[in-house]
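A short worksheet on the structure shown next.
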Amino acid sequence: MKQEVFESRHRDEWYVFEQWLQSLSGSKIIDRPKTGEPFPVLYRKICHHLALARTRQYSAALQERLHNLALEGHQYLYKNRTSMFLSFARFFVRDFPAAMRRHGRYLFWSCLAFFGVGFVTAWVVQVKPEFIYMLMDPTQVARMESMYEPGNEAIGRERGSDSDIMMFGFYIYNNISIGFRTFAGGLVFGIGSLFFLVFNGLVIGGIASHLTAAGMSSTFWPFVSGHSSFELIAIVIFGAVGLAIGRQMIAPGRKTRWGAVADQARDSLPLIYGGTTMLLIAAFVEAFWSSTTWPPNSFKYIVGISLWVLHILYFTLLGRHESRKRHG
Amino acid sequence: MSDRLLDTTYDIATPEGVELRLPVAGFAPRCLAWMIDAIIKYTCLLVASIVANVMGEFGTGLMLLAAFFLLWLYNVLFEVMFNGATPGKKVLGLRVMNVDGTPVGWSGSIIRNLIRFIDVLPGAYLFGMLSIMLSKRMQRLGDLAGDTLVIYQPKQPARGRLNTVSPTPLTLPMSPDEQKAVVSFGERAALLNQDRANELARIIAPLTNDASTDTLRSHAAWIVGRKDEE
Numbered sequence: 025m026k027q028e029v030f031e032s033r034h035r036d037e038w039y040v041f042e043q044w045l046q047s048l049s050g051s052k053i054i055d056r057p058k059t060g061e062p063f064p065v066l067y068r069k070i071c072h073h074l075a076l077a078r079t080r081q082y083s084a085a086l087q088e089r090l091h092n093l094a095l096e097g098h099q100y101l102y103k104n105r106t107s108m109f110l111s112f113a114r115f116f117v118r119d120f121p122a123a124m125r126r127h128g129r130y131l132f133w134s135c136l137a138f139f140g141v142g143f144v145t146a147w148v149v150q151v152k153p154e155f156i157y158m159l160m161d162p163t164q165v166a167r168m169e170s171m172y173e174p175g176n177e178a179i180g181r182e183r184g185s186d187s188d189i190m191m192f193g194f195y196i197y198n199n200i201s202i203g204f205r206t207f208a209g210g211l212v213f214g215i216g217s218l219f220f221l222v223f224n225g226l227v228i229g230g231i232a233s234h235l236t237a238a239g240m241s242s243t244f245w246p247f248v249s250g251h252s253s254f255e256l257i258a259i260v261i262f263g264a265v266g267l268a269i270g271r272q273m274i275a276p277g278r279k280t281r282w283g284a285v286a287d288q289a290r291d292s293l294p295l296i297y298g299g300t301t302m303l304l305i306a307a308f309v310e311a312f313w314s315s316t317t318w319p320p321n322s323f324k325y326i327v328g329i330s331l332w333v334l335h336i337l338y339f340t341l342l343g344r345h346e347s348r349k350r351h352g
Numbered sequence: 025m026s027d028r029l030l031d032t033t034y035d036i037a038t039p040e041g042v043e044l045r046l047p048v049a050g051f052a053p054r055c056l057a058w059m060i061d062a063i064i065k066y067t068c069l070l071v072a073s074i075v076a077n078v079m080g081e082f083g084t085g086l087m088l089l090a091a092f093f094l095l096w097l098y099n100v101l102f103e104v105m106f107n108g109a110t111p112g113k114k115v116l117g118l119r120v121m122n123v124d125g126t127p128v129g130w131s132g133s134i135i136r137n138l139i140r141f142i143d144v145l146p147g148a149y150l151f152g153m154l155s156i157m158l159s160k161r162m163q164r165l166g167d168l169a170g171d172t173l174v175i176y177q178p179k180q181p182a183r184g185r186l187n188t189v190s191p192t193p194l195t196l197p198m199s200p201d202e203q204k205a206v207v208s209f210g211e212r213a214a215l216l217n218q219d220r221a222n223e224l225a226r227i228i229a230p231l232t233n234d235a236s237t238d239t240l241r242s243h244a245a246w247i248v249g250r251k252d253e254e
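Order-wise, the sequence lines are chains A and B.
Quick note: the first sequence uses the numbering used here, first residue 25, plus one each step.
Quick note: the second sequence uses the numbering used here, first residue 25, plus one each step.
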């Protein structure tokens, strides 16, 4: 069939399809076409015409026009229609805790590297207080002490809301980059992740123990109790993902090394989203709740402990069904 | 065909059995789009900071919060709500899309814009640039993680009409590809100025002694099957 005949035969259908696209895009207020066939039928026809135009070597301009129609139609027909709210809910109720269960082994080792080292360091600093100076400069230690000095109430000073927000931005930048570093360190056969876990364990355990011994528990612990659960668990999660990726680097099994890493990264993606969310919440709590002075310390402890309990309940109770299903 | 090797297109197969060709956009136009967006963002921040200055402490707080949301959510909101294009991309005719050719959604856009903070490392988008150069579909790391790509928004092709000439049968045998080239030229010729059209028409001179624009256009009219209307 000659191009001219082909065009005159189908021109009306293309026109109706164009009307459809315009009405769907909503850029111009146009009613959906009342005449002609429904949208999916027309779309299939356009695809058919495009294939014909290609095999019959019709002119480039005609092919391009049909191609653009097909591409636009494809957009509307195959658009993802799951609502954002629903997929968010599904993620937090099911996918995130289920992914935690899949990574149980790595989470265990990550926990051990971080909390294990942290508690041991805390104990060592209690027994031998000078050990803290093996971990940090005296100037850093002095800065830490001045931050939580009960006398100057530095953390207790009611900051203006502007500096709260400033700290919020700082915490987000700082904490999330710690998380991402811990995760990205997995690419070096997991050594990087292990290093950051142990390093953070040493520093955090050491400082907490040192400040407690130095008599600053009345400012330090109420400050950190609120956001500690979100932040520390998130570090462990990022570490676990890093270890999982490192394991694939070391022992990819029957896959290629990078193929194994890519598969693992895709499987671990929920943990990265979840961990990032937790760090965002931690930054929010740290900036707007931890720095407040009006609640009594006991109240802050209650909030902190409740959040830890809620975390444990969340990860133990949710996602069980899904993880059973995956493993058959 | 050689143009398939030269073009930076990426084909997706649809269930309807045709291939859709997505023209993937490279580093330079994306860089320009980014600059336009950056100018818009910082202009907004500047205006906000002037307003905030008048309002005092409270204003500063609000302004920092606005800065936070502007810098983190600007791209996501525009990409999801306005057909995958931030204002900068719109100016450059670019568009973000899922790898399967569907419009980018919340999850894809959020991932690609969060991972932007890795693409920026270690400075001046070096990781992103390397990733664009090395990946097959010119994706930066955020695109790889979010399964998205940046394409040129297809434009409606301009098309001249062939109804002013009377169709003439071809005087020499031509392969389908060559016939297609003649038709494409015929349709384009009306949009070009006369000199340029003649210049292009002369390319065929070694094959025929009558290589004028009008001759080629009448051949094109014959190939597409136009009937003489006299």
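Yeah, the Cβ is synthetic: ideal placement off N, Cα and C, and Gly gets one too.
Cβ contact annotation for Ala221/B (same chain, cutoff 7 Å, sequence separation greater than five): Ala213, Thr237, in chain order. Setting aside the 5 residues that flank it on each side, Ile247/B is surrounded in the same chain by Gln203, Val207, each with a C-beta closer than 6 Å to its C-beta; the list follows chain order.
Annotation: the segment 35 to 101 of chain B contains the following complete segments of the beta strand (DSSP E) (minimum length 3 residues), in chain order: 43 to 47.
Below the 7 Å Cβ cutoff, chain A contributes Gln81 as neighbours of Gln203/B, in chain order. Interface with chain B (7 Å Cβ-Cβ cutoff): Arg68/A is included.
At a C-beta separation below 7 Å, Gly249/B has these neighbours in chain A: Lys26, Gln27, Glu28, Val29. Annotated as proximal: Phe220/A and Thr206/A, with beta-carbon spacing under 7 Å. Beta-bridge partners assigned by DSSP to Arg119/B: Ile175/B.
Of all C-beta pairs linking the segment 118 to 136 of chain B to the segment 93 to 106 of chain B, three or more are shorter than 8 Å, placing the two stretches in contact.
Residue environment: Phe109/A is assigned as exposed (fewer than 16 neighbouring CB atoms within 10 Å of its CB, all protein chains considered). By the C-beta density criterion, Ile74/B is exposed, having fewer than 16 other C-beta atoms within 10 angstroms. No residue range can be given for Asp119/A, since it is assigned to no alpha helix (DSSP H) and is classified by DSSP as neither H nor E. Thr243/A sits in a helix when the DSSP states are folded into three classes.
Taking all protein chains shown into account, His345/A has fewer than 16 neighbouring C-beta atoms within 10 Å of its C-beta and is therefore exposed.
Residues of the segment 229 to 258 of chain A with a C-beta less than 9 Å from any C-beta of chain B: none at all.
Shortest Cα-Cα distance from Ser201/A to any of Leu303/A, Val285/A, Lys279/A involves Leu303/A.
Using a Cβ-Cβ cut-off of 7 Å, Gln99/A is close to Thr126, Pro127 of chain B, given in chain order. Under DSSP, Pro57/A forms no beta bridge with any residue. Any Cβ of chain A closer than 7 Å to the Cβ of Arg183/B would place that residue at the interface, and such an atom is present.
Of all alpha-carbon atoms in His91/A, Val227/A, Arg125/A, the one lying nearest the alpha-carbon of Thr145/A is that of Val227/A.
For Asn137/B, same chain residues with a beta-carbon under 6 Å away, outside a window of 5 residues either side, are Asn99, Val100 in chain order.
Pro111/B carries a helical assignment under DSSP once its states are collapsed to helix, strand and coil. Below the 8 Å Cβ cutoff, chain B contributes Leu44, Arg45, Pro178 as neighbours of His91/A, in chain order. Residues of chain B whose Cβ lies closer than 7 Å to the Cβ of Tyr102/A are, in chain order, Thr126.
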